[in-house]
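Line by line, the protein sequences are chains D and X. If you read the first sequence in this note's numbering, its first letter stands for residue 281, the second for the next number, and so on. If you read the second sequence in this note's numbering, its first letter stands for residue 7, the second for the next number, and so on. Ideal placement from N, C-alpha and C gives every residue a C-beta, glycine not left out. All values derive from a computational prediction rather than experimental measurement. Before any comments, here is the structure.
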Amino acid sequence: SQQGEEDPQALSIQEGENATMNCSYKTSINNLQWYRQNSGRGLVHLILIRSNEREKHSGRLRVTLDTSKKSSSLLITASRAADTASYFCAWGRLYGNKLVFGAGTILRVKS
Amino acid sequence: NAGVMQNPRHLVRRRGQEARLRCSPMKGHSHVYWYRQLPEEGLKFMVYLQKENIIDESGMPKERFSAEFPKEGPSILRIQQVVRGDSAAYFCASSPQEGIDTGELFFGEGSRLTVL
Numbered sequence: 281s282q283q284g285e286e287d288p289q290a291l292s293i294q295e296g297e298n299a300t301m302n303c304s305y306k307t308s309i310n311n312l313q314w315y316r317q318n319s320g321r322g323l324v325h326l327i328l329i330r331s332n333e334r335e336k337h338s339g340r341l342r343v344t345l346d347t348s349k350k351s352s353s354l355l356i357t358a359s360r361a362a363d364t365a366s367y368f369c370a371w372g373r374l375y376g377n378k379l380v381f382g383a384g385t386i387l388r389v390k391s
Numbered sequence: 007n008a009g010v011m012q013n014p015r016h017l018v019r020r021r022g023q024e025a026r027l028r029c030s031p032m033k034g035h036s037h038v039y040w041y042r043q044l045p046e047e048g049l050k051f052m053v054y055l056q057k058e059n060i061i062d063e064s065g066m067p068k069e070r071f072s073a074e075f076p077k078e079g080p081s082i083l084r085i086q087q088v089v090r091g092d093s094a095a096y097f098c099a100s101s102p103q104e105g106i107d108t109g110e111l112f113f114g115e116g117s118r119l120t121v122l
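Below, the structure is given as structure tokens:
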């Protein structure tokens, strides 16, 4: 993609395991955000990390940002079946006025 | 606190017809974004509007697509003379502040357009 990538495209794990998703982008950014989308629904904001931050936590979520590598990762610890969804990273370009979304990772948590 | 409201949730049109999708942002939000999502893909930016102004329409196809956000009423995404390739989910998002330098976007549930 000309804008960025997410990997893996799909991830299947057992309940209780950790899930890690990665995101890469190609521009300078203000912030990077992660969203969740359940099948057939809208996107829900999970967490935002600013370009001057390296790590952020929210409940079972941990996000890291490496601006030198233009990459971010989302870790979901102790996954639950209810975490099954698509996860998208999105970044706000420096001096930009919109979010650009990655292609997403489909996470399936088996109970 | 009503969230972002989109309607219709599902819309079926025949080729050549017009599709109108409506979006009411969250209360207090004056910035609206439209995104398109094809099956199994991410969201593609289409247009960013403020009340009575189009700020960025760099993602809008040059023909058949238009958007508005009038002083009163919802934002409208209009697709004229629809073709099968327009079949997608169209999402509206709103924000209380200019750009996305500091904030998150609040999304509606989407309008799913099917063109027969």
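- Annotation: Cβ neighbours of X/Ile61 in chain D (cutoff 8 Å, chain order): Asn377.
- Cβ proximity to chain D below 7 Å picks out Ile106, Asp107, Glu110, Leu111, Phe113, Gly114, Glu115 and Gly116 from the segment 106-121 of chain X.
- Against chain X, the CB of D/Val380 has a partner CB under 8 Å away; the residue lies at that interface.
- Apart from sequence neighbours up to five positions away, the residues of its chain that approach X/Glu58 with a beta-carbon distance below 6 Å are Lys77, ordered along the chain.
- The three-state reading of DSSP puts X/Ala8 in coil, since its state is none of H, G, I, E or B.
- Taken through DSSP and simplified to helix, strand or coil, D/Ala358 comes out as coil.
- Using a 10 angstroms sphere on the CB of D/Tyr315, the tally of other CB atoms reaches 16 or more, which defines it as buried.
- By the Cβ test, the segment 20-31 of chain X is not in contact with the segment 336-348 of chain D, since fewer than three Cβ pairs between them sit closer than 8 Å.
- By the neighbour-count definition (other C-beta atoms within 10 Å, threshold 16), D/Glu335 is an exposed residue.
- Pairing D/Leu387 with D/Ile293, the inter-Cα distance amounts to about 8 Å.
- If you look at X/Phe51, you'll find it in the beta strand (DSSP E) that goes Leu49 to Gln56.
- Cβ contact annotation for X/Arg26 (same chain, cutoff 7 Å, sequence separation greater than five): Ile82 and Arg84, in chain order.
- Judged by beta-carbon spacing, X/His35 lies beyond the 8 Å limit of X/Ser117, meaning their Cβ atoms are not closer than that value.
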